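Numbering (the numbering used here), first residue to last: 736 to 1728. Shown next, in structure tokens, is the structure this report addresses.
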């Protein structure tokens, strides 16, 4: 007796109820007068809990409830059980009608393996207060493992043999059926308590709506609910824990997937959901089930869903333990009892929520006249009628119907309650329910016919379908067009790699579909057809960079299945490599198997890496994000547009719809046949109410130019003098001019000095090839890259030879002239005598050389800034655009003002006028403009296989050079008129980068 009393005191103390022991009784023989008997004894003595006592006895829990601590039990009295047997989800009319499994559900599901007063249940085990929404109950997966007849198992009518039918082998009348649990994780018990609700901003009206569909819980009234059962009497203290009396028999609900399945008017959605599920043999569950029920069963299965967030993380492993790379994943497993919203969140703190349209709403959505009819029209194999609906829905590919389901799955119950409806986001991170459509909470609630409380979340049953952004955005035609499977595969390749560390396993790490669902943007999205990829292919620009015609490649991309059993990074596209004939623009010969990459092959392999890079490049080339000046997208008089990465897209025809001709830089470079628009899709918000642009299906892919800035300038003899100035620099000349003196004076190891000098000298170069200052400029053969381009978009204004001559006549020095000046004026410094008798001569020579060098540095600084001032940030075309003037930056710097030197540019219809900082207005020569270039930095200098980074630009000819400082308008020699002026000029306009 003494140990029991002491345990009870400790129990009460730990539970937050501190009591002191009195000297009036002996601990060995007596107990405190406030302390009752055991849970079992107290319930039995009260006389009106006979049904609960029967449950305890029948389940062999009498000793546990009589002696063992510590427990918490939620009980209902006999009157509540009388009401229960008149109306319950099992249709049981009396206690005798309960199965052992049902008894376990009623008893174990209402039991916790710790002692809690109600108020403390909202605190987490780690001490965090008022954050606990759920508790792990004493229930086990084995409490309810029903036998599923073969005709009760999910069925999949999809006719595509590539879609796995995991239930088919069990849905066989000859096999009768299987034993299966709806989940093998621990069932949870959900409670609604004031502490947690206040902490998370959940109102009484929220819970009342979820539990009862009304607002019958005043905000100023304190209540506690265990699921939908109200606590009528709480904190009955017993020797081995507490019991709390509920106002009704509490039947723990199943998980969200199960309550959707058993709800009579969500059968269509349940059917859709089951396509993402499979039965899995569970050895532990099998043994526990056999031991508990003393039955001889070969196998017990559990039902699991393919999802990003599951108990084992990202889950795409099939029942044969093979990875299914083709299986689209749900946001989370709706059948996961012990659901948690993320890897870092405790399961007790939150649960999920689902917004599930009822059968009537789904029928209205997919049948003729509904918003989803286009999917039925695209994929259905039977007439679009109500009786054929489920069959036709099964023909929609999983990765298409997935968008509808995932948009309705929300990771947090706490943040999805009715009072927070304006903060619930859709799959594009836009408001799912806007204030415009639902000005009040009551108007929002009119969307729902009921709420279903599950053990891992809440299912809000809706009378309408919320269209996902996937179906409204520019990505939609890629999902349902039969000739866009390659693009669909690529833009959705990363979709299921969004949580935790899964980013590192994403095949492309681009998340294109997320980008294309930016509903505030205005896109033109060009989708090359599968036929175009197969017939014309995509030329590998890195192969052209080798300069060896025998190594030129073109890839034909074919949609293909990745298959099962293969982990690692893969993508469902077969890249077939062929030799490319540049003269004819066609693939020749047989497929090159060594260079090809099958869908099932890893992207980490050499051929896979090339495929990965080209697919990314291809998608980026086909996305235009229009700015505020391009409200009508490509349906304007403008000819030139920029893709997402800055690659130009050229509209070749006046027709801006079906039949429109479009070119990329590659087609322009080789005067190739433009791409032609086969179909157009209006996905604009103006037309549909919700959308973000236009989509155009092309007969072949766009490609970027392989011409570089250097190649374009070097190819025109009229730019030779500008090019000569860009190329004339050398480390030796820079050292001769004294740029290395300060580094040598600072001293240090030879290796350190060499590295620092390399870094300083690099700033004075315009074009480079090879490695300089630890940066690799892996240009194509016989080519160079602009050193200061930085994966951005630029405009280059190239002055003609005559224009350069005019600047040279004003005193601008060439590299040769600077070298000659140094040679003519630098003195030989005498060796200082031992007695320093010639100190004066040494000092005089050094002083003279210093003056010469600072003037030479001013000459070099002037020349390099003159050159760089012709390279401008942002790409501007001579085009048919409305008049607009703006200032753009160059990479020249005014150190005194701490600003980049700019150019004022006026664009108007087919005119581009630049005003430099000297006040000169210079107009682009319209007969030599809009030369498209790409500075591509490859993975290797001599044997490139793919492009690592790119900068895009347009080159324009100007017939008068630009001047970066007004003081130099009439003469450049002002910059070095004296050593003092030269020093000040170098300080102001020093070459920074």
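Note that the Cβ used here is the ideal one computed from N, Cα and C, for glycine as well. The structure displayed is predicted, hence computed values, not measured ones.
Exercise. With which residues is residue 1671 paired in a DSSP beta bridge?
Worked result: The beta-bridge partner set that DSSP reports for residue 1671 consists of 1685.
Exercise. When we look at the beta-carbon of residue 1129 and count the other beta-carbons within 10 Å, is it buried (16 or more) or exposed?
Worked result: Buried: at least 16 other Cβ atoms inside 10 Å.
Exercise. What is the DSSP secondary structure of residue 1286, counted as helix, strand or coil?
Worked result: In the structure shown, residue 1286 sits in a helix (DSSP, three-state: H, G or I).
Exercise. When DSSP labels each residue in this structure, what does residue 1054 get in the three-state scheme?
Worked result: In the displayed model, residue 1054 falls within coil according to three-state DSSP, outside both helix and strand.
Exercise. How many Å lie between residue 1035 and residue 1045 at the Cα?
Worked result: Rounded to whole angstroms, residue 1035 to residue 1045 spans 20 Å at the Cα level.
Problem set entry | Residue of 1364, 1290 and 1504 minimising C-alpha distance to residue 1435 | Of the residues 1364, 1290 and 1504, the one whose Cα lies closest to the Cα of residue 1435 is 1290.
Exercise. Thinking just about the alpha-carbon of each residue, which of 1042, 962 and 1463 is nearest to the one in residue 1502?
Worked result: Selected option, being the one with the closest Cα: 1463.
Problem set entry | Start-end ranges of the alpha helix (DSSP H) lying completely within the stretch 1333 to 1421, minimum 4 residues | Qualifying alpha helix (DSSP H) stretches, in chain order: 1341 to 1356 and 1400 to 1404.
Problem set entry | For residue 1275, three-class secondary structure by DSSP | Residue 1275: coil per DSSP, three-state reduction.
Problem set entry | Exposed unless 16 or more other CB atoms sit within 10 angstroms - verdict on residue 1418 | Counting Cβ neighbours within 10 Å, residue 1418 comes out buried, since at least 16 surround it.
Exercise. Under 8 Å, do residue 885 and residue 912 count as touching if we go by C-beta distance?
Worked result: Contact: yes.
Problem set entry | Best match in 1244, 793, 1522 and 799 for proximity to residue 831 [C-alpha to C-alpha] | Of the candidates 1244, 793, 1522 and 799, the one whose C-alpha sits nearest the C-alpha of residue 831 is 793.
For this session: Taking residue 1317 as part of the beta strand (DSSP E), name the residues at either end of that continuous run.
Result: From DSSP, residue 1317 is part of no beta strand (DSSP E); its letter is neither H nor E.
Exercise. Excluding the five sequence neighbours on either side, which residues of its own chain have a C-beta within less than 7 Å of the C-beta of residue 1719, listed in chain order?
Worked result: None.
Exercise. If we call anything under 8 Å between Cβ atoms a contact, is residue 1447 one with residue 1694?
Worked result: Not a contact, by the Cβ cut-off of 8 Å.
For this session: Look at the Cβ atom of residue 840, then the Cβ atom of residue 800, and state whether they are nearer than 8 Å.
Result: No; because the gap between Cβ atoms is not below 8 Å, this pair is not in contact.
Exercise. Should residue 918 be labelled buried (16 or more other beta-carbon atoms within 10 Å of its own) or exposed?
Worked result: Per the 10 Å Cβ criterion, buried.
Exercise. My guess is that residue 1252 and residue 1208 are in contact by the Cβ rule of under 8 Å, so how many angstroms apart are they, rounded?
Worked result: Contact annotation, residue 1252 with residue 1208: C-beta distance approximately 5 Å; criterion of less than 8 Å satisfied.
For this session: Evaluate residue 1329 with the Cβ neighbour count: other Cβ atoms within 10 Å of its Cβ, from every protein chain shown; 16 or more gives buried, anything less gives exposed.
Result: Counting the other Cβ atoms within 10 Å of the Cβ of residue 1329 gives fewer than 16, which makes it exposed.
For this session: Would you check if the distance between the CB atom of residue 1671 and the CB atom of residue 1276 is smaller than 8 Å?
Result: Yes, the pair counts as a contact, with Cβ atoms nearer than the cut-off.
For this session: Determine, using beta carbons only, whether residue 1206 comes closer than 8 Å to chain D.
Result: Absent from the structure: chain D. Only one protein chain is present.
For this session: Could you check if residue 1346 is buried or exposed, using at least 16 other CB atoms within 10 Å of its CB as the buried criterion?
Result: Residue 1346 sits buried, since 16 or more C-beta atoms from the chains shown fall within 10 Å of its C-beta.
Problem set entry | Beta-bridge pairing of residue 871 - partner residues as DSSP gives them | Beta-bridge pairing links residue 871 to 923.
For this session: Give the single residue among 829, 1039 and 1069 whose Cα lies nearest to the Cα of residue 817.
Result: Distance from the Cα of residue 817 is smallest, within the candidate group 829, 1039 and 1069, for 829.
For this session: Compute the Euclidean distance between the alpha carbons of residue 1304 and residue 1348, then round it to the nearest angstrom.
Result: The C-alpha of residue 1348 is placed about 13 Å away from the C-alpha of residue 1304.
Problem set entry | Beta-carbon proximity list for residue 1015, same chain, < 7 Å, skipping 5 on both sides | In its chain, beyond the 5 residues on either side, 1036, 1037, 1039 and 1054 have a beta carbon closer than 7 Å to the beta carbon of residue 1015.
For this session: Measure the CB-CB distance between residue 1441 and residue 1402 and report whether it falls below 8 Å.
Result: Not closer than 8 Å, so no.
Problem set entry | Inter-residue spacing [alpha-carbon to alpha-carbon] between residue 873 and residue 1077 | About 24 Å.
Exercise. Is the CB-CB distance between residue 1610 and residue 1688 below 8 Å?
Worked result: Residue 1610 is a Cβ neighbour of residue 1688, given a cutoff of 8 Å.
Problem set entry | Inter-residue CB distance, residue 1093 and residue 1196 (contact presumed, cutoff 8 Å) | The distance from the Cβ of residue 1093 to that of residue 1196 is about 5 Å, consistent with a contact at the 8 Å cut-off.
Exercise. Residue 1242: which of 1562, 1255, 1585 and 1224 sits nearest, CA to CA?
Worked result: Among 1562, 1255, 1585 and 1224, the Cα nearest to that of residue 1242 is on 1224.
Exercise. Residue 1654 lies in the alpha helix (DSSP H); which residues open and close that run?
Worked result: Counting along the chain, residue 1654 sits inside no alpha helix (DSSP H), nor does DSSP assign it H or E at all.
Problem set entry | residue 1645 and residue 1615 closer than 8 Å at C-beta | It is a contact, given that the beta carbons lie within the stated cut-off.
For this session: Could you pull out every residue in the same chain whose Cβ sits closer than 8 Å to the Cβ of residue 1567, ignoring the five residues on either side in sequence?
Result: Here residue 1567 has 1573, 1574 and 1577 as same chain residues with Cβ atoms under 8 Å from its own Cβ, once five neighbours each way along the sequence are excluded.
Problem set entry | residue 1639 - containing beta strand (DSSP E), residue span | Taken as a continuous stretch (DSSP letters only), the beta strand (DSSP E) holding residue 1639 covers 1634 to 1643.
For this session: Please determine if the stretch 1107 to 1114 and the stretch 1210 to 1218 are in contact, where contact requires at least 3 C-beta pairs separated by less than 8 Å.
Result: Yes: at least three Cβ pairs fall under 8 Å.
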